[in-house]
Amino acid sequence: MNVSVRGVSRHYRTVAFDAPGNAVRLIEQRLLPHDFQIVETANFRATARAIRDMVVRGAGAIGATAAYGLAQGARAFKGKNPERFERHMETVYQTLKEARPTAVDPVNAMNEVRAAMQPGESVEEKQALALAAAEEFAHADVRHCEAIGQLGAGLIRDGMRVLTHCNAGWLAFVDIGSATAPMYAAQAQGKKFRVYCDETRPRSQGATLTAWELAQQGIEHRIIADNAAGHFMQRGEIDLVIVGSDRTLGQTGEVANKIGTYTKAVLAKRHGIPFYVAIPLSTIDWNLASGFDIPIEGRHESEVLGAWGVTEAGRREYVRVANPGSSAVNPGFDVTPAELITGIITPAGIFKPRELRKKRKQLDAIGGGGR
Ligand code: MRU
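For reference, each letter of the sequence shown is one residue, going 1 to 371 in our numbering.
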């Protein structure tokens, strides 16, 4: 996507790799929308920290970051001993896997990179294969998002009001985004529509990241408080909901996504509003058989008790909002059952959530995305 920073417009990918420096290059998302900075992680532990501390966030983006982090760890290994290399790679894999638990994309991405390394006959060959596979994961993420855009654009008609939750835009992927892809494709087709961005407390990804992206793209949008969606739905002022997902169960069609998604799905059902989830293939978990088995990340209570922002003087500051002495509990994600979801927009077609299993061959045929 093209980003205009201090008057200069340039194309950026959210996640990239500097091969000579063996560094992962990321947009420092914690500073957005107030400042745009590119940062580099010097080794796989720093890459894992960047995922954990939310320098980079969003399912596809942390998937690509983990894939590059695995390649980075492989390439940093000195020596030729295959057993020592395998032990080292296990440490790299586990460190990156543990950075964030709910999104399945990092695991799918790293499994794809590891599988691609298998045929390598020496450490050196495996290192080269790792980087090639990580690059391919990132390219596939972009291809998948493009396909989601083409398929999903048909859902958006002129004059529609579309609600989205959290950030499933290009910042949450390598480029383009999942939930935003149909919006960008519809815009390219000349359609006029408005997007309502849920603020998405406690980290405010909707108010900060999605709103910034849509503004960059010139898409008409309004930020609404999380609690306002029901009001607009009741008055007939929302026509369509499109969200992303951090893990979608291929067996059941259940969707884990940012906390608050389930509430929006219940409201959409109540008001007969179509509720779609957009996902690249790396977001599908074919193994788990129940949404209750999805690990839900518990995040720090400070996110609920206060907020980060920028003062008039331009200083980034955290302010306490809640009653001093009160504590909070802060689940990062929730799970939406299949019956509340109208359709899943995949790169291979728009399917009913419970159809995913039957469509596995068709989805696999697309290739890439850490299946
Ligand atoms: O906790 P975050 O900021 O990493 O949240 C992840 C997300 O961006 C959302 O859950 C999103 O809607 C899923 S699609 C990438």
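Note that the Cβ used here is the ideal one computed from N, Cα and C, for glycine as well.
First through last residue of the beta strand (DSSP E) which encompasses residue i
{"i": "E213", "result": "Premise fails: E213 lies in the alpha helix (DSSP H), 211 to 217, not in any beta strand (DSSP E)."}
{"i": "S302", "result": "Where S302 is concerned, there is no enclosing beta strand (DSSP E), although the alpha helix (DSSP H) it sits in stretches over 302 to 305."}
{"i": "A76", "result": "Where A76 is concerned, there is no enclosing beta strand (DSSP E), although the alpha helix (DSSP H) it sits in stretches over 59 to 76."}
{"i": "Y276", "result": "275 to 278"}
{"i": "I345", "result": "343 to 346"}
{"i": "H11", "result": "8 to 11"}
Nearest candidate by alpha-carbon position, reference residue i, set the options
{"i": "D53", "options": "A172, G169, R30", "result": "R30"}
{"i": "G368", "options": "A188, S282, P331, P295", "result": "S282"}
{"i": "N287", "options": "V310, R247, G260, G309", "result": "R247"}
{"i": "G309", "options": "A207, Q362, V195, I341", "result": "A207"}
{"i": "K97", "options": "R49, I284, K78", "result": "R49"}
{"i": "E135", "options": "T41, M110, S326", "result": "M110"}
{"i": "G325", "options": "R235, D334, E301, E355", "result": "E301"}
{"i": "A61", "options": "E220, I27, K78, M160", "result": "I27"}
{"i": "I366", "options": "E220, A147, R57, G21", "result": "A147"}
{"i": "L340", "options": "I219, L267, K258", "result": "L267"}
{"i": "A16", "options": "F173, K80, D158", "result": "F173"}
{"i": "A278", "options": "T47, T164, Q72, E121", "result": "T164"}
{"i": "P274", "options": "A348, R157, V329", "result": "R157"}
{"i": "V203", "options": "L363, V55, E355, H144", "result": "It should be pointed out that residue 203 corresponds to Arg in this sequence rather than to Val. Closest option to R203, Cα to Cα, is V55."}
{"i": "A168", "options": "G332, N2, R354, R57", "result": "R57"}
{"i": "N323", "options": "R315, E312, G306, E317", "result": "G306"}
{"i": "A100", "options": "A338, I296, D364, H11", "result": "With the sequence shown as reference, residue 100 is identified as Arg, and Ala is not the correct amino acid for it. Ranking A338, I296, D364, H11 by Cα distance to R100 puts I296 first."}
Near the ligand MRU: residue i beta-carbon under 7 Å from a heavy atom
{"i": "N287", "result": "no"}
{"i": "G60", "result": "yes"}
{"i": "A168", "result": "yes"}
{"i": "S178", "result": "yes"}
{"i": "V107", "result": "no"}
{"i": "R52", "result": "no"}
{"i": "A172", "result": "yes"}
{"i": "R57", "result": "yes"}
{"i": "N330", "result": "no"}
{"i": "G244", "result": "yes"}
{"i": "R30", "result": "no"}
{"i": "R203", "result": "yes"}
{"i": "N111", "result": "no"}
{"i": "K191", "result": "no"}
Limits of the alpha helix (DSSP H) - the one that residue i falls within
{"i": "T248", "result": "It is not in any alpha helix (DSSP H) - T248 instead sits in the beta strand (DSSP E) that spans 247 to 249."}
{"i": "K192", "result": "It is not in any alpha helix (DSSP H) - K192 carries neither H nor E in the DSSP assignment."}
{"i": "K269", "result": "261 to 270"}
{"i": "I223", "result": "Taken as a continuous stretch (DSSP letters only), I223 belongs to no alpha helix (DSSP H), being part of the beta strand (DSSP E) at 221 to 224."}
{"i": "L151", "result": "123 to 152"}
Local Cβ density within 10 Å of residue i, reported as buried at 16 or more and exposed below that
{"i": "V321", "result": "exposed"}
{"i": "K264", "result": "buried"}
{"i": "I38", "result": "exposed"}
{"i": "Y184", "result": "buried"}
{"i": "F292", "result": "exposed"}
{"i": "S4", "result": "exposed"}
{"i": "D334", "result": "buried"}
{"i": "Y93", "result": "buried"}
Cβ-based neighbour list, residue i, same chain, cut-off 6 Å, excluding 5 preceding and 5 following
{"i": "T336", "result": "V255, T261, Y262, A265"}
{"i": "A59", "result": "A103, D105, D246, T283"}
{"i": "F85", "result": "F77, V123"}
{"i": "L131", "result": "A71"}
{"i": "H271", "result": "M233"}
Residues near residue i in its chain [Cβ-Cβ closer than 7 Å; skip 5 each side]
{"i": "L151", "result": "I345, G349, I350"}
{"i": "I223", "result": "C197, E199, G206, A207, A211"}
{"i": "N330", "result": "P202, G298, R299, H300, E301, E303, V304"}
{"i": "G149", "result": "I176, A181, P182, Y184, A185"}
{"i": "G219", "result": "Here the sequence assigns Ile to residue 219, which means Gly is not the residue at that position. The answer, listed in chain order, is M183, Q187, V195."}
Sequence-distant residues of its chain with Cβ nearer than 8 Å to residue i (five each side left out)
{"i": "D372", "result": "As shown, the chain starts at 1 and ends at 371. That puts residue 372 outside it, with no answer to give."}
{"i": "V162", "result": "I156, M183, F193, R194, V195, Y196, I238, D239, L240, V241, I242"}
{"i": "E40", "result": "D18, G21, A23, V24, R25, L26"}
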